[in-house]
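Residue numbers for the sequence shown follow UniProt numbering, so the first one is 1 and each next one is one higher. Even glycine gets a Cβ: it sits at the ideal position worked out from N, Cα and C. Source: prediction; values computed, not measured. Written out below as structure tokens is the structure these notes cover.
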Amino acid sequence: MILAIAIKHLENNIFFLFSDITPWLSRHKEWRKLAKKLRRKRIRQKNAKLRDEKELQELHLREKNPAYQSWLQHKEKEEALRITEEARISEKNEIQWRKNEKEAQIKFKEYQEIQRIAREEREKQNEKIRKEWEQEQKRFEEKKEKERIEKERLNEKVEYFLENGGDTPEHLKISMQTNPNKEVCTFFQKTGACRFGDACSRNHIKPGISRVLLIQNFFSHYSLEKTESEQILDSDLECEHDETYQAFKEFFDDVVDELESYGRIIVFRVCCNREPHLRGNVYIEFATTRAALKCYKGIHGRWYAGKQLTVEFREIKTWKQAVCGLILSKKCPKGSMCNYLHVFKNPKNLFNSFEVHTRNDGDRKCEDSSQRKWRWSESPERVPYSDGWESDDHYNNHRKDSHRSARSSSRRNHGREHSDRRSRRSGSERDGKSKATSRKRKGSSERRYSHRSKKDSERGSRSKRRERSRSSS
């Protein structure tokens, strides 16, 4: 027990002893490092001093050597020659540079002179161009002013012609040609419209003024709508002819009153073709070119039923060539796709031929303006044109008188025809009853045959409609 305590006490003393020696060992290590560094420095300084002394001794020995002295003199001569040559070359270069500089100055002055002359020439040219441009602008302004004055003068002539009548202004009689010196397009010459439009290879002659106005695509209805890609017309199945004609009658009542305010109408025709260049076209022929010009100025550019109207003058020589001759018999092989005019029948047969069809307020039903579905655009009130008549009452009275005379003449003609028919009938009865009986038999057989053919045609049309509906479905 005592021995263990002694050993433990000895261990503690040894630990404390080493703990006191450790910092002293670290300080001694640093001192040794510094001492070694200083020792190496002293050695290097000593070696350098010996080297310098040795070099100095060698230099003294060389200076005393005659060969070295001669070499130094030779080097001094070479250095002097080099300096002399460099000075000579420098002087020569200086002379050449001064010469080049003088030539460059001369060239620069010449270039400056050329530039000055060119600049002056350019300024003169610009001044000339500016004066020419000012003269051109002045001529253009004068020309524009002359054109404006000429236009005002022509407009005054047109206004005077519209207000007072007289001869048609000459500048309005000029016609326009799309392809001069080429063959005239027959369809455009007859109907005033061509399926190719202005791109047609033939010549379209458009008059500057005439009594006939064309308003393209004026009348619109669902039954007339058709695209080029359609093969079956669904509108034929969904819309009947009576509905289309009722819409036309409303359009007729809505439009004719407005058109008659400009002058006396002779012909009014609305196309029922489905071709794009004829679909819904409206042709209006006035009694005079003055009334047509008034209508053109009043309607061109106006809005109706949500679309802007485009009015053009056309020269229709004869309506018999323009209107399809098979439309009345309904035997046209092309139907509504015909390139000739298929027109609606006007109510009361008004404005339907070259003769002047007059009508009074009782010819067609005029509804109240509040109940009518007016589709004209809102526009300033226009003074009603009289077309050469003293007043509107004078024109209305003339229409009533002409209508009465037309009715009386139609009654007289009807009476004459009735008396002639009776005389012919009595003469035929005198010929004999045998001929009458044969005619009756023949007429009854023809009526039976016509009745059967009518039934067969109705059956065929029904079968065709069924096939169209099946193919469309």
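Assuming contact is defined by CB atoms lying nearer than 8 Å, are Asn281 and Cys338 in contact in what I supplied?
no
Would you call the CB atoms of Arg290 and Phe161 closer than 8 Å?
yes
For the putative contact between Leu213 and Ala292, defined by C-beta atoms under 8 Å, what is the C-beta separation to the nearest angstrom?
6 Å
On the three-state DSSP scale, how would you describe Cys295?
helix
Taking the alpha-carbon positions, what's the Tyr103 to Gln112 distance?
For clarity, residue 103 is Glu in the given sequence; the question names Tyr instead. Straight-line Cα distance between these residues: approximately 14 Å.
Cys338 bridges to which residues according to DSSP?
DSSP, once it has assigned bridges, lists no residue as partnering Cys338.
Just to confirm my understanding: we take Gln321, look at its own chain, exclude 5 residues before and 5 after, and list those with CB closer than 6 Å. What are they?
Lys190
Using CA coordinates, which residue listed in His277, His221 and Asp167 is at the minimum distance from Gly192?
His277
Please state whether DSSP places Tyr304 in a helix, a strand or coil.
strand
Backbone CA spacing between Glu275 and Glu225 [nearest angstrom]
9 Å
Three-state secondary structure (DSSP) of Arg314:
strand
Compare the beta carbon distance of Leu309 and Ile209 with 8 Å and say whether it is the shorter of the two.
no
Under 8 Å, with one C-beta from each stretch per pair, do the segment 166 to 185 and the segment 325 to 332 reach the 3-pair mark?
no
So, with DSSP's three-state summary, where would you put Asn65?
coil
From the DSSP output, in three-state form, read off Glu183 for me.
coil
How far does the beta strand (DSSP E) with residue 476 in it extend, from its first residue to its last?
Residue 476 falls outside the range modelled here, since the chain spans only 1 to 473, and no answer is possible.
With 16 as the cutoff for other CB atoms within 10 Å, does His171 come out buried or exposed?
exposed
For Trp269, which three-state DSSP category applies?
For the record, residue 269 in the displayed sequence is Arg; it is not Trp. Three-state result, Arg269: strand.
Find out if the Cβ-Cβ distance for the pair Tyr283, Arg302 is shorter than 8 Å.
no
Grouping DSSP H, G and I as helix and E and B as strand, with all else coil, what is Lys206?
strand
For the alpha helix (DSSP H) holding Gln321, just list the boundary residues, first then last.
Trp319 to Ala322
Taking Asp242 as the reference, give the member of Val256, Leu259, Glu260 and Tyr222 with the closest Cα.
Tyr222
Go ahead and pull the three-state DSSP assignment for Asn346.
coil
Which residue comes first and which comes last in the beta strand (DSSP E) that contains Phe286?
Val282 to Phe286
Going by DSSP, what residues sit across from Phe177 in a beta bridge?
In the sequence under discussion, the amino acid at residue 177 is Gln, which differs from the Phe named in the question. For Gln177, which the question treats as bridged, DSSP gives the partners Ile205.
Anyone know if the C-beta pair for Ile299 and Glu285 falls short of 8 Å?
no
Can you tell me which of the three DSSP states Leu34 falls into?
helix
Rounding to the nearest angstrom, what Cα-Cα distance links His246 and Phe351 in this structure?
Note on identity: in this sequence residue 246 is Gln, with His being the wrong assignment. The straight-line gap from Cα to Cα measures roughly 18 Å.
Is Asn155 near the ligand SAM, with its Cβ less than 7 Å from a heavy atom?
Questions concerning the ligand SAM fall outside what the structure shown contains, since it holds no ligand whatsoever.
Apply the 10 Å Cβ neighbour rule to Arg346 and answer buried if 16 or more other Cβ atoms are within range, or exposed otherwise.
Reading off the sequence, residue 346 comes out as Asn, not Arg. Looking at its Cβ environment, which holds 16 or more other Cβ atoms inside 10 Å, Asn346 is buried.
State the Cα-Cα distance for the pair Arg42 and Arg32, rounded to the nearest angstrom.
16 Å
On the CB-based measure, 16 or more other CB atoms within 10 Å of its CB, does Phe140 come out buried or exposed?
exposed
Pull up the DSSP beta-bridge partners for residue 476, would you.
Shown here, the chain extends from 1 to 473; a query on residue 476 therefore has no answer.
For Phe248, which residues of its own chain have a beta-carbon under 6 Å away from its beta-carbon, when the five flanking residues on both sides are left out?
Phe344
So, at 6 Å on beta carbons, what are the nonlocal neighbours of Cys200 in its own chain, with the 5 sequence-adjacent residues on each side left out?
Cys185 and Cys194
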